[in-house]
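Reading through the structure tokens given below for one structure.
In the numbering used here, the protein residues as written are 157 to 429.
Structure (structure tokens):
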């Protein structure tokens with residue numbers, strides 16, 4: 157699970173970078189951690205400037221959850237493309253791919269899964285599988301409103317499968333990238349005492365661990381890039397509710413979609429599984 161957790165740019169090695177892509181000024185949303193101003197990657201800067209929070213009403217919270225996402229710059233008659241991210245990550249995982257999809261004329265959403273990303277979780281909602289599913293459904297129902305092509309990399313593939321099986325009316329197709337769907341939830345981690353779980357989660361956001369993971373995951377990148385990607389990958393961890401949300405997910409048991417996936421009749425596109 158180590159390499160799933162560090163918001164590495166999805167599909168970076170196969171993407172052509174559009175020459176029209178530019179960064180103008182600062183203009184970061186005020187809800188992002190102030191450390192965003194230290195990021196150097198122009199694609200991360202540009203995408204972070206577009207992150208919004210949309211109110212999403214759920215059954216487990218009296219007030220709406222201000223939910224972070226990147227909305228499409230244009231709409232069309234085709235099925236919208238909705239990008240999820242991997243474990244303990246954010247929509248910034250798509251910083252290199254998102255502009256290419258928009259350049260191709262696709263109506264593209266990049267959505268933060270409940271408990272990760274940059275949503276306002278100050279009310280500390282539950283962040284188990286059921287609450288993540290309902291949150292995504294209510295966001296879809298309120299704003300997207302059409303059957304979507306749902307894209308899930310790594311653990312995001314499990315999120316996508318679980319969602320599609322429970323809400324087939326919302327999903328036209330699934331695209332799964334490096335799908336992490338063959339493990340049975342968080343396993344023994346769900347039985348850890350909370351004090352140990354919090355210690356482990358604290359380690360998860362540590363700079364040395366994330367630096368090491370980036371070195372393991374990518375070949376031939378500069379040290380400065382490793383530093384910058386580490387900062388991007390842990391940016392959401394700096395929000396005050398991140399530890400509580402991550403521990404809540406861990407002890408809930410996580411995703412176990414192995415058998416569900418085998419029974420699914422949904423159309424799938426699989427990459428690097």
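Using N, Cα and C, we set each Cβ at its ideal position, and we do this for glycine too.
Separation of residue j from residue i, as counted between CA atoms
| i | j | result |
| --- | --- | --- |
| residue 362 | residue 233 | 44 Å |
| residue 269 | residue 371 | 26 Å |
| residue 309 | residue 229 | 23 Å |
| residue 198 | residue 251 | 9 Å |
| residue 347 | residue 414 | 21 Å |
| residue 323 | residue 263 | 21 Å |
| residue 193 | residue 184 | 8 Å |
| residue 379 | residue 385 | 10 Å |
Residue i versus the options, residue with shortest Cα-Cα distance
| i | options | result |
| --- | --- | --- |
| residue 225 | 217, 237, 215 | 237 |
| residue 265 | 199, 192, 231 | 231 |
| residue 407 | 349, 364, 336 | 349 |
| residue 191 | 410, 412, 393 | 393 |
| residue 333 | 345, 312, 381, 351 | 312 |
| residue 409 | 344, 288, 379, 351 | 344 |
Nearest-angstrom beta carbon gap, residue j and residue i [assumed within contact, 8 Å]
| i | j | result |
| --- | --- | --- |
| residue 188 | residue 204 | 6 Å |
Cβ-Cβ distance between residue i and residue j below 8 Å
| i | j | result |
| --- | --- | --- |
| residue 315 | residue 354 | no |
| residue 383 | residue 200 | no |
| residue 401 | residue 242 | no |
| residue 367 | residue 359 | no |
| residue 276 | residue 209 | yes |
| residue 457 | residue 284 | Residue 457 lies beyond the residue range present for the chain, which begins at 157 and ends at 429; the question has no answer from this structure. |
| residue 267 | residue 240 | yes |
| residue 274 | residue 298 | no |
| residue 212 | residue 295 | yes |
| residue 290 | residue 217 | no |
Under 8 Å: do the segment 253 to 268 and the segment 318 to 326 share three or more Cβ pairs, one atom per stretch? no
Quick check: the segment 395 to 414 against the segment 270 to 286, are there 3 or more CB pairs under 8 Å? Touching, yes.
Is the number of C-beta pairs between the segment 290 to 307 and the segment 323 to 338 that are closer than 8 Å three or more? yes
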